[in-house]
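Chemist: Convert by adding 20 to the 1-based position in the sequence shown; the result is the number in our numbering. So that we are looking at the same thing, I have put the structure below in structure tokens.
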Amino acid sequence: MRKNRQQARFEKGLLKRALWDSLLLLDPRKMVRNPVMFVVEVSAVLTTGLWIQALAGQGEAKSSFIGAVSIWLWFTLLFANFSQAVAEGRGRARANALRSTRQDTEAKKLRQPNRESPYETVPASMLHKGDMVLVEAGDLIPGDGEIVEGVASVDESAVTGESAPVIRESGGDRNGVTGGTRVLSDWLIVRIVSGAGEGFLDQMIALVEGAKRKKTPNEIALNILLAAFTIVFLVVCATLLPFSIFSTQASGAGSPVTITVLVALLVCLIPTTIGGLLPAIGISGMERLIRRNVIAMSGRAVEAAGDVDVLLLDKTGTMTLGNRRAVDFVPLSSVALSELAETSLLASLADETPEGRSIVSLAREKYGIVGGEDQGQLKSHGPEGMRFIPFTAHSRMSGVDAGGVSIRKGAADAIESYVRAQGQSVPEEVHTVVENIARGGGTPLVVARNGQVLGVIHLKDVVKTGIRERFIQLRKMGIKTVMITGDNPLTAAAIAAEAGVDDFLAQVTPESKLRLIREVQAEGRLVAMTGDGTNDAPALAQADVAVAMHTGTHPAREAANMIDLDSNPTKLIEIVETGKQLLMTRGALTTFSIANDVSKYFAIVPAAFAATYPALGALNILRLSTPENAILSAVIFNALIIVFLIPLALRGVPYRPVGAARLLRDNILIYGLGGVVVPFIGIKLIDMLLSLLERV
């Protein structure tokens, strides 16, 4: 309840600010950027002048009629500006929240990159690229940087909105930190990678405020098309006045059309609906991504996401849960299952990796292993009698030695070399089990005790629930999914089949990723990918839609055109959906805008020229009460329809993962046919209301 009240107050404040901004946007220097609405503003100014002239007794028509037309033209402008102001206001609110977290903090600038080095305290705004700073528990990180030394818990809620702290450490792909976040524990030495005003937080503030929002190529093309329509109708309406005067003089009957009527005709026939909503559509598209905690560096990236043909997805963390889990113990025919499970547990007691912990859990929970002869033998020697062998990339195995018992578990070839060094041999049965597990998409770990192989642990990548259904949706959208992984081809093929991707690339390297993207782009298709490491930077820079994880390295974030603040690789699918929704919204409202011009033609043209050409009265199929009411009804509807479409422009047209042909058909039926029918109904209802008011 309290949250709802706070949200209501926020929305109320946002709407108040948007109303004021709507007036500020009437500045001709701003309106000229939107050719359609600039013509409406000029028309409003012209009719206002004609209204003043009519009040002085020299008007071309009744002052009440001219005044009503003028007022509703101004309302048309304000409604269009309001849609843009609301969209910008949402982004501004997010920017203010970010700005409130940014402080000109004091930085501990080191002379040498080590903690014992003397430091001087300087304002964060005085830091330059390459400076080394010490950040301790409770300190705000003074600028974007890379961790040179140390490991610490960092509160990044100011940027990500997540209250849970994250671990940042030197080396690897989690060494990037953001200025304005706070260290909660331990300490870090950070190399500054951006100068004052150039940090990630500064970029976010500028982007969400819309200060750097440039029109995308599609938006520019649509603006040119709308401007062309406007010029055509402007020329047509300009020639109608002399033609009307000539006709009345030649026939000696009727009266020429007035300038007020021609202005109303012009405004109703040019695409004012889409012209007024177009800026809001683009801004709200980026704002919808912001609500999903994704910062788009440009509107071009959002649009490109809507046109993506191929998605490159990392297996680990995107399609799978990220850590392999032990799912089974496969003993040799001469070994009891309980013996293998117990030995595997002992080999994993000191293994702090997720895989090691899952082996312990499997042995205890599924097989009930809680102790045993070997475990008792190990414990009897005490901690000083145990020697734990940690896993290393070089040995590719781990284990424990104690009391004459030597246990090892690891990769099949590593254990085979170890067993042979002990003067033993590996049974052929082990090779068969290892191959079967690998073919099924699993990872085999062989277990040996005192040089004798006991069996194999089956580790498996757990495919995320629902991921297969999401790939089916993407396939319906016409998007090809490609899994990229460092696994061997057998394992990669099994995971790809289980997840339902269209293709996979195994044993990838940075060069192979880059080569794949270029090959796909050479076929004329757009590619999206996600990454977080420095080795992903070349491929991210090449991809059309490149999503970097906020937790990733600075080179990855620099190469990308989107930043995922949640660092969730599956967000790429939502980004594509948001991009498609943006394109659909723009297309739907453009279709509606052009279609409703057809209906307004039948309402306003017969009324505008009824005095000059009485025969045009046959086109008055709506049976509108009077020519003045017909024209005014069309102008009022032209303004009000913008108000009714503002929520749709801000929220976006609901997206469904169906084929392009069906989308086109639905778009024409709903927004094309709807754009023709709705104005007939709306204009008729407004005319009836005006007639009722006249009688009252």
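We treat Cβ as the ideally placed atom computed from N, Cα and C, and that holds for glycine. Quantities reported herein were computed from a predicted structural model and do not represent experimental measurements.
Assign K704 to one of three DSSP states: helix, strand, or coil.
Modeler: Correct three-state label for K704: helix.
Chemist: Which residue or residues does DSSP assign as beta-bridge partners of E140?
Modeler: Its beta-bridge partners are K129.
Chemist: My assumption, with CB atoms under 8 angstroms, is that F95 sits in contact with A659. Please give the rounded CB distance.
Modeler: Rounded, the Cβ-Cβ distance is 5 angstroms, consistent with contact.
Chemist: Which residues bound the beta strand (DSSP E) around F58?
Modeler: Run containing F58: none in the beta strand (DSSP E); it sits in the alpha helix (DSSP H), P55 to L75.
Chemist: Rounded to the nearest angstrom, what separates S445 and I477 at their Cα positions?
Modeler: Near 19 angstroms, if we compare the C-alpha coordinates of I477 and S445.
Chemist: How about M152 and R211: do their beta carbons lie closer than 7 angstroms?
Modeler: Yes; because the gap between Cβ atoms is below 7 angstroms, this pair is in contact.
Chemist: Is DSSP giving A105 helix, strand or coil here?
Modeler: Looking at A105 - three-state DSSP - the assignment turns out to be helix.
Chemist: Expressed to the nearest angstrom, what Euclidean distance is found between the alpha-carbon atoms of F700 and A650?
Modeler: If I take the Cα positions, the gap works out to 11 angstroms.
Chemist: Applying the 10 Å Cβ sphere with the 16-neighbour rule, what's the burial state of Q132?
Modeler: It counts as exposed.
Chemist: Report buried or exposed for A559, applying the criterion of at least 16 other Cβ atoms within 10 angstroms of its Cβ.
Modeler: Buried.
Chemist: Quick one: what does DSSP say H451 is sitting in, helix, strand or coil?
Modeler: In the structure shown, H451 sits in a helix (DSSP, three-state: H, G or I).
Chemist: Kindly indicate the opening and closing residues of the beta strand (DSSP E) around S381.
Modeler: Here S381 belongs to no beta strand (DSSP E); instead the alpha helix (DSSP H) covers P374 to E385.
Chemist: For A38, does the three-state DSSP call read helix, strand or coil?
Modeler: Correct three-state label for A38: helix.
Chemist: Is the region 506-514 in contact with the region 525-538, if contact means three or more CB pairs nearer than 8 angstroms?
Modeler: Segments in contact, yes.
Chemist: How is V446 classed by DSSP in three states: helix, strand or coil?
Modeler: If DSSP states are grouped into helix, strand and coil, V446 belongs with coil.
Chemist: Could you tell me the distance, in whole angstroms, from the CA atom of A422 to the CA atom of S358?
Modeler: Between A422 and S358, the C-alpha separation is close to 20 angstroms.
Chemist: Along the chain, where does the beta strand (DSSP E) that runs through G163 open and close?
Modeler: Premise fails: G163 is in no beta strand (DSSP E) and is neither H nor E.
Chemist: State buried or exposed for T501, treating a residue as buried only when at least 16 other CB atoms are found within 10 Å of its CB.
Modeler: With 16 or more other Cβ atoms within 10 Å, it is buried.
Chemist: In whole angstroms, give me the CA-to-CA distance for P276 and A284.
Modeler: Spanning the two alpha carbons is a distance of roughly 15 angstroms.
Chemist: Could you tell me if E375 is buried or exposed, where buried requires 16 or more neighbouring beta carbons within 10 angstroms of its beta carbon?
Modeler: Label assigned to E375: buried.
Chemist: How would you label V255, buried or exposed, when you count the other beta carbons within 10 angstroms and need 16 or more for buried?
Modeler: Flag for V255 reads exposed.
Chemist: How many angstroms separate the CA atom of P411 from the CA atom of S532?
Modeler: Looking at the sequence provided, one finds Phe at residue 411 rather than Pro. Those two C-alpha atoms are separated by around 28 angstroms.
Chemist: On the CB-based measure, 16 or more other CB atoms within 10 Å of its CB, does T259 come out buried or exposed?
Modeler: Exposed, because fewer than 16 other Cβ atoms sit within 10 Å of the Cβ of T259.
Chemist: Which residue comes first and which comes last in the beta strand (DSSP E) that contains D481?
Modeler: Careful: D481 lies outside any beta strand (DSSP E) and carries neither H nor E.
Chemist: For the alpha helix (DSSP H) containing V20, list its first residue and its last residue.
Modeler: What is shown of the chain runs 21 to 716, which leaves residue 20 out entirely.
Chemist: Rounded to the nearest angstrom, how far is the Cβ of T363 from that of I427, given a contact under 8 angstroms?
Modeler: The pair is a contact, with the Cβ atoms about 6 angstroms apart (cut-off 8 angstroms).
Chemist: May I have the straight-line CA-CA distance separating A316 from F664, to the nearest angstrom?
Modeler: Straight-line Cα distance between these residues: approximately 28 angstroms.
Chemist: Nearest to V696 by alpha carbon, out of V673, R377, L98 and I661?
Modeler: Considering only alpha carbons, the answer is I661.
Chemist: Expressed to the nearest angstrom, what Euclidean distance is found between the alpha-carbon atoms of R29 and D507?
Modeler: With a pLDDT of 49 at R29, under the threshold of 50, the predicted position of this residue should be treated as unreliable, and no value is reported.
Chemist: In this structure, how does DSSP classify R715 when only helix, strand and coil are distinguished?
Modeler: Correct three-state label for R715: helix.
Chemist: Using a Cβ-Cβ cutoff of less than 6 angstroms, which residues in the same chain neighbour A579 once the five nearest sequence positions on both sides are dropped?
Modeler: So the list reads A557, L560 and A561, once near-sequence residues are dropped.
Chemist: Looking only at its own chain, which residues have a Cβ that is under 6 angstroms from the Cβ of T646, when we skip the five neighbours before and after it?
Modeler: So the list is empty, once near-sequence residues are dropped.
Chemist: Reducing DSSP to helix, strand and coil, say where P351 ends up.
Modeler: The answer is strand: DSSP assigns P351 an E or B state.
Chemist: For my contact list, R312 and E594 are in at a C-beta cut-off of 8 angstroms; report their separation, rounded to the angstrom.
Modeler: Their Cβ separation, rounded to whole angstroms, is 6 angstroms, which keeps R312 and E594 in contact under 8 angstroms.
Chemist: What do you get for Q104, buried or exposed, if any count of 16 or more other CB atoms within 10 angstroms of its CB means buried?
Modeler: Looking at its Cβ environment, which holds 16 or more other Cβ atoms inside 10 Å, Q104 is buried.
Chemist: Considering only residues of the same chain and omitting the five flanking positions on each side of V698, which have a CB-CB separation below 7 angstroms?
Modeler: The residues are N616.
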